[in-house]
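There are 4 protein chains.
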Amino acid sequence: MKPVCLVLGAGAGIGGNVGRRFAAGGYHSILCRRSDREGLDKLVAQIEGDGGTASGLLLNAVEEGTIETLVESVEQDTGPIEVVLFNLGAQIGDRSLADTSYKAFELGWRMATFALFRLASALIPHMESRGRGVFLVTSATAAVRGNAGQHSHAAAMGGRRMLCQTLNAEFAPKGIHIAHIIIDGPVDAPDTLGRMLGAERYQALREEVGMDNDGLLVPSELAETYFHIAHQHRSAWTHELDLRPYSDRPWWNH
Amino acid sequence: MKPVCLVLGAGAGIGGNVGRRFAAGGYHSILCRRSDREGLDKLVAQIEGDGGTASGLLLNAVEEGTIETLVESVEQDTGPIEVVLFNLGAQIGDRSLADTSYKAFELGWRMATFALFRLASALIPHMESRGRGVFLVTSATAAVRGNAGQHSHAAAMGGRRMLCQTLNAEFAPKGIHIAHIIIDGPVDAPDTLGRMLGAERYQALREEVGMDNDGLLVPSELAETYFHIAHQHRSAWTHELDLRPYSDRPWWNH
Amino acid sequence: MKPVCLVLGAGAGIGGNVGRRFAAGGYHSILCRRSDREGLDKLVAQIEGDGGTASGLLLNAVEEGTIETLVESVEQDTGPIEVVLFNLGAQIGDRSLADTSYKAFELGWRMATFALFRLASALIPHMESRGRGVFLVTSATAAVRGNAGQHSHAAAMGGRRMLCQTLNAEFAPKGIHIAHIIIDGPVDAPDTLGRMLGAERYQALREEVGMDNDGLLVPSELAETYFHIAHQHRSAWTHELDLRPYSDRPWWNH
Amino acid sequence: MKPVCLVLGAGAGIGGNVGRRFAAGGYHSILCRRSDREGLDKLVAQIEGDGGTASGLLLNAVEEGTIETLVESVEQDTGPIEVVLFNLGAQIGDRSLADTSYKAFELGWRMATFALFRLASALIPHMESRGRGVFLVTSATAAVRGNAGQHSHAAAMGGRRMLCQTLNAEFAPKGIHIAHIIIDGPVDAPDTLGRMLGAERYQALREEVGMDNDGLLVPSELAETYFHIAHQHRSAWTHELDLRPYSDRPWWNH
Numbered sequence: 003m004k005p006v007c008l009v010l011g012a013g014a015g016i017g018g019n020v021g022r023r024f025a026a027g028g029y030h031s032i033l034c035r036r037s038d039r040e041g042l043d044k045l046v047a048q049i050e051g052d053g054g055t056a057s058g059l060l061l062n063a064v065e066e067g068t069i070e071t072l073v074e075s076v077e078q079d080t081g082p083i084e085v086v087l088f089n090l091g092a093q094i095g096d097r098s099l100a101d102t103s104y105k106a107f108e109l110g111w112r113m114a115t116f117a118l119f120r121l122a123s124a125l126i127p128h129m130e131s132r133g134r135g136v137f138l139v140t141s142a143t144a145a146v147r148g149n150a151g152q153h154s155h156a157a158a159m160g161g162r163r164m165l166c167q168t169l170n171a172e173f174a175p176k177g178i179h180i181a182h183i184i185i186d187g188p189v190d191a192p193d194t195l196g197r198m199l200g201a202e203r204y205q206a207l208r209e210e211v212g213m214d215n216d217g218l219l220v221p222s223e224l225a226e227t228y229f230h231i232a233h234q235h236r237s238a239w240t241h242e243l244d245l246r247p248y249s250d251r252p253w254w255n256h
Numbered sequence: 003m004k005p006v007c008l009v010l011g012a013g014a015g016i017g018g019n020v021g022r023r024f025a026a027g028g029y030h031s032i033l034c035r036r037s038d039r040e041g042l043d044k045l046v047a048q049i050e051g052d053g054g055t056a057s058g059l060l061l062n063a064v065e066e067g068t069i070e071t072l073v074e075s076v077e078q079d080t081g082p083i084e085v086v087l088f089n090l091g092a093q094i095g096d097r098s099l100a101d102t103s104y105k106a107f108e109l110g111w112r113m114a115t116f117a118l119f120r121l122a123s124a125l126i127p128h129m130e131s132r133g134r135g136v137f138l139v140t141s142a143t144a145a146v147r148g149n150a151g152q153h154s155h156a157a158a159m160g161g162r163r164m165l166c167q168t169l170n171a172e173f174a175p176k177g178i179h180i181a182h183i184i185i186d187g188p189v190d191a192p193d194t195l196g197r198m199l200g201a202e203r204y205q206a207l208r209e210e211v212g213m214d215n216d217g218l219l220v221p222s223e224l225a226e227t228y229f230h231i232a233h234q235h236r237s238a239w240t241h242e243l244d245l246r247p248y249s250d251r252p253w254w255n256h
Numbered sequence: 003m004k005p006v007c008l009v010l011g012a013g014a015g016i017g018g019n020v021g022r023r024f025a026a027g028g029y030h031s032i033l034c035r036r037s038d039r040e041g042l043d044k045l046v047a048q049i050e051g052d053g054g055t056a057s058g059l060l061l062n063a064v065e066e067g068t069i070e071t072l073v074e075s076v077e078q079d080t081g082p083i084e085v086v087l088f089n090l091g092a093q094i095g096d097r098s099l100a101d102t103s104y105k106a107f108e109l110g111w112r113m114a115t116f117a118l119f120r121l122a123s124a125l126i127p128h129m130e131s132r133g134r135g136v137f138l139v140t141s142a143t144a145a146v147r148g149n150a151g152q153h154s155h156a157a158a159m160g161g162r163r164m165l166c167q168t169l170n171a172e173f174a175p176k177g178i179h180i181a182h183i184i185i186d187g188p189v190d191a192p193d194t195l196g197r198m199l200g201a202e203r204y205q206a207l208r209e210e211v212g213m214d215n216d217g218l219l220v221p222s223e224l225a226e227t228y229f230h231i232a233h234q235h236r237s238a239w240t241h242e243l244d245l246r247p248y249s250d251r252p253w254w255n256h
Numbered sequence: 003m004k005p006v007c008l009v010l011g012a013g014a015g016i017g018g019n020v021g022r023r024f025a026a027g028g029y030h031s032i033l034c035r036r037s038d039r040e041g042l043d044k045l046v047a048q049i050e051g052d053g054g055t056a057s058g059l060l061l062n063a064v065e066e067g068t069i070e071t072l073v074e075s076v077e078q079d080t081g082p083i084e085v086v087l088f089n090l091g092a093q094i095g096d097r098s099l100a101d102t103s104y105k106a107f108e109l110g111w112r113m114a115t116f117a118l119f120r121l122a123s124a125l126i127p128h129m130e131s132r133g134r135g136v137f138l139v140t141s142a143t144a145a146v147r148g149n150a151g152q153h154s155h156a157a158a159m160g161g162r163r164m165l166c167q168t169l170n171a172e173f174a175p176k177g178i179h180i181a182h183i184i185i186d187g188p189v190d191a192p193d194t195l196g197r198m199l200g201a202e203r204y205q206a207l208r209e210e211v212g213m214d215n216d217g218l219l220v221p222s223e224l225a226e227t228y229f230h231i232a233h234q235h236r237s238a239w240t241h242e243l244d245l246r247p248y249s250d251r252p253w254w255n256h
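Protein chains in written order, with the numbering used here: chain X, 3 to 256; chain V, 3 to 256; chain B, 3 to 256; chain F, 3 to 256.
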């Protein structure tokens with residue numbers, strides 16, 4: 003039986019590529035996303051075409067009970083979740099305070115902070131009973147710096163980061179590796195960056211950063227580091243790292 | 003007409019003492035807390051005894067609409083809120099993940115992060131129209147480091163800190179001074195530390211740290227720095243600072 | 003006998019203004035700078051004109067033995083140094099790696115890091131024997147973020163910040179207040195910013211930021227916060243804070 | 003011709019193991035350390051026994067000109083240095099301020115900060131002309147937090163960290179990957195930890211942390227992450243990460 007890698011937020015960017023990388027590395031990847039059954043099926047087919055195994059699930063993670071039910075059913079029916087990737091984002095673009103509704107602010111927290119807490123509450127007891135487990139969390143610049151227009155996103159990501167630290171403090175000594183991965187730049191993914199910028203600006207950006215597009219974070223390359231982190235020996239664990247393209251883009255404002 | 007200083011979370015510790023300091027400095031302090039009408043009346047009486055003016059309000063800040071209504075009624079009936087202190091805490095003591103309920107986690111966020119966002123949304127437009135205002139936010143070690151057992155508190159405070167940064171990024175250039183004040187140690191307040199430790203341990207601790215108790219954060223002394231920060235010239239504003247007793251106590255784990 | 007406030011790096015910007023503020027607050031200020039006897043005399047005359055007392059010394063702080071001798075002679079001849087401000091800068095403007103000589107890199111360290119260590123080694127034993135003392139250290143953005151072109155400055159300031167933390171760890175419990183003050187923006191001082199930019203760009207900048215110049219850090223206003231920090235009760239000490247103008251200037255790159 | 007991996011500070015801990023890992027990965031490793039010709043020869047023999055190639059050099063890196071000459075001669079005689087590991091430490095154990103001599107403080111800087119600047123000045127122009135290069139820097143907890151007794155070490159490491167950031171700011175966009183690797187715990191190396199603790203305490207510690215010793219940082223495991231970081235695609239580079247054993251040891255004081 004293959005070890006299971008569960009991915010929450012498995013779109014065409016980081017989540018999907020990490021699922022694919024773990025499948026290539028001998029895991030059975032369970033890919034969850036909110037919508038786009040077709041895209042999900044295509045991703046599973048790609049993985050199977052590469053000789054791996056995966057399954058895909060549509061799931062609205064912010065709905066009550068969804069994550070909890072998912073964890074129990076995977077643990078019972080498929081096998082122990084050895085690796086989980088929490089990859090839900092809460093980026094809604096830059097919005098002034100006046101344009102950030104209570105609803106948007108709360109939704110940011112429900113997706114980026116509370117869903118992580120729910121996942122940890124549901125899954126970590128299983129990992130704890132096995133004395134091992136890998137808990138990867140995709141995060142963002144907004145977790146360490148609150149830029150203008152990021153009220154909802156930064157508040158949610160700041161909470162996410164501190165939660166990763168409290169989880170690490172309690173569970174690293176019990177053999178559970180929690181990693182907070184700061185994605186500090188734009189990821190080259192049509193369904194997130196593409197949607198945020200619009201097709202035209204997205205294409206212009208890709209052209210601007212050069213032929214090989216390495217001025218954007220290439221998600222298949224990011225996935226290599228996720229895979230590495232998940233396989234560090236427990237004498238040498240990384241809790242936090244950043245990832246960004248080599249070239250400094252003006253809109254990072256680092 | 004005196005300038006107004008509004009305090010959310012005006013207990014016997016930081017909030018009450020800051021209200022008293024501003025009243026001594028010429029403000030009309032409006033002191034809000036969730037319960038203990040008697041204690042609140044006593045605080046108002048003290049301020050009046052010192053020759054200042056204040057009013058006291060019982061208010062459940064996490065209830066829908068309370069903060070919003072408060073801000074509007076103060077602005078209309080009392081006068082422009084020149085200084086606000088957001089002093090709601092969300093410390094629930096150390097609890098393992100297993101002992102941290104969804105309800106407790108959410109309540110932490112509602113008090114420590116979302117209530118701040120609501121206050122900012124309600125009040126900052128008034129300050130913005132005046133081109134000035136001071137927004138003081140009490141924070142905690144948990145905003146910068148997630149220690150074991152602090153899942154709810156640290157997630158909420160991490161969100162609070164990043165929100166202060168996004169507010170600062172948008173509104174400092176518009177003349178609104180936002181300060182994130184990291185209280186990095188135990189405050190000598192009977193109604194918070196006293197309640198958390200129990201009367202006996204609290205008394206033992208006060209004795210242990212010495213006759214003049216300056217191994218605990220003395221809230222009337224903290225209030226001096228709050229008052230100073232609120233009166234910095236806008237050419238020289240502090241956004242973040244820490245405050246702690248001179249003596250290193252083992253339970254800070256710095 | 004007045005308490006003594008010793009200022010290392012007392013030019014027309016922060017150092018001179020802090021010296022003046024402490025003199026106004028009842029201290030005898032001892033102002034040290036490397037050159038410009040005339041400017042120094044003028045500063046002392048200003049302070050005396052305000053009704054305070056001060057003395058001025060020319061001193062090359064990087065020269066062997068100068069700081070050590072100064073501390074001993076002040077302690078013996080003038081009185082206990084209650085407050086010291088270490089205000090030596092090491093900003094040499096933006097230089098590429100290729101344009102940063104070994105000599106410039108070493109000089110940055112000698113001024114910004116090693117001179118602080120020497121001052122601490124000479125002065126803190128006196129403060130320790132008295133069980134009190136205030137040690138104010140002016141620092142810079144470069145202490146917390148290494149921007150392009152700042153090789154010498156950032157390396158020196160990063161060392162300065164960590165040294166302030168180790169001094170605080172050892173001596174705060176012994177009653178010595180060490181404060182690391184991050185000046186995060188340009189100070190409106192003719193002899194530093196003015197020299198760095200040249201007279202014309204300096205004047206243009208002052209005009210650009212407005213009539214009252216509060217888009218630059220006004221050193222007399224900064225001095226108010228230095229004075230406040232030095233007088234915090236030891237139950238509520240600040241170790242680190244930032245200071246910047248309210249208005250976000252593009253060249254800060256925050 | 004194999005790509006060259008140059009290691010400064012190639013003892014029996016991190017440096018030697020990284021050299022061995024890169025040799026196993028197809029590099030020619032050039033191992034430099036200050037003393038112990040015998041140990042160095044043994045290390046080279048091990049690498050050759052594994053089927054790799056390496057050479058060993060005794061070198062006092064703090065001596066004038068040594069690093070500069072080394073870089074030039076390797077570039078001319080052996081081949082382009084594709085990867086460099088700067089692994090010089092400056093840990094001298096905990097010492098009070100009174101017990102930290104000027105000489106010790108300066109030596110810390112010469113080894114941990116200035117030697118890195120010299121290496122960068124000598125090597126980066128070569129890397130820049132090739133449009134690529136990997137610059138790995140071993141760092142320590144002391145780079146981000148100044149604990150008691152670490153005056154020399156923390157000042158040097160704080161400078162090291164900021165220098166890594168300024169190098170990254172200037173050279174990442176030119177294709178040079180600079181990584182600041184925070185070793186946040188004790189490394190299981192007989193010639194550093196063993197010497198610092200003494201043989202008896204070292205052995206006791208190894209027994210205390212368990213049979214498989216994974217409560218100490220195992221250097222061969224650390225080396226896997228160094229190797230991974232060096233091979234990240236330039237669209238997804240890590241600039242800073244931490245490494246520590248899973249189990250919380252009391253003397254980390256995190």
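From the three backbone atoms N, C-alpha and C, an ideal C-beta is built for every residue, glycine too.
Keep in mind the model is a prediction, meaning the values are calculated, not measured.
Using beta carbons (cut-off 8 Å, strictly below), is residue i in contact with chain X?
i	result
His-241 of chain F	yes
His-153 of chain V	yes
Ala-181 of chain V	no
Glu-77 of chain V	no
Report the neighbours of residue i on chain B: residues whose CB is nearer than 9 Å to its CB, in chain order.
i	result
Gly-17 of chain V	Here the premise fails: no neighbours, minimum Cβ distance about 15 Å.
From the DSSP output, read off the bridge partner residues of residue i.
i	result
Gly-135 of chain F	F:Ile-178
Cys-34 of chain F	F:Leu-10, F:Leu-59
Val-189 of chain F	F:Leu-219
Asp-244 of chain V	V:Ile-184
Nearest chain V C-beta to residue i closer than 8 Å, yes or no?
i	result
Pro-82 of chain B	no
Gln-167 of chain X	yes
Val-236 of chain B	Contrary to the premise, residue 236 of chain B reads as Arg rather than Val in this sequence. Yes, its Cβ sits closer than 8 Å to a Cβ of chain V.
For residue i versus residue j, is the C-beta spacing smaller than 8 Å?
i	j	result
Ala-124 of chain V	Glu-65 of chain V	no
Glu-195 of chain F	Ile-16 of chain F	Residue identity check: residue 195 of chain F is Leu in the sequence provided, not Glu. No; because the gap between Cβ atoms is not below 8 Å, this pair is not in contact.
Arg-236 of chain X	Tyr-248 of chain F	yes
Ala-2 of chain X	Ile-49 of chain X	Because chain X here runs from 3 to 256, residue 2 of chain X falls outside it and cannot be looked at.
Show which residues of chain F have a CB atom less than 7 Å away from the CB atom of residue i.
i	result
Gln-93 of chain B	Near Gln-93 of chain B there are no residues of chain F at all, since even the closest Cβ is about 13 Å away, more than 7 Å.
Would residue i count as contacting chain F if we go by Cβ distances under 8 Å?
i	result
Pro-127 of chain X	no
Thr-1 of chain X	This structure cannot speak to residue 1 of chain X, because chain X is shown only from 3 to 256.
So which residues of chain B does residue i contact, with C-beta pairs closer than 8 Å?
i	result
Phe-107 of chain F	Phe-116, Phe-119
Ala-144 of chain F	Met-164
Would you mind giving the Cβ-Cβ distance between residue i and residue j, rounded to the nearest angstrom? I have them listed as a contact below 8 Å.
i	j	result
Ile-184 of chain V	Glu-226 of chain V	Actually they do not touch by this definition, with Cβ atoms about 16 Å apart.
Gly-177 of chain V	Thr-115 of chain V	That pair is no contact at about 25 Å.
Ala-122 of chain F	Glu-172 of chain B	About 32 Å; that fails the 8 Å criterion.
Thr-140 of chain B	Phe-88 of chain B	7 Å
Counting only beta-carbon atoms, is residue i nearer than 8 Å to chain B?
i	result
Ala-157 of chain F	yes
Please list, in chain order, the chain X residues whose beta carbon lies closer than 9 Å to that of residue i.
i	result
Gly-161 of chain V	Trp-111, Thr-115, Ala-156, Ala-157, Ala-158, Met-159, Gly-160, Gly-161, Arg-162, Met-164
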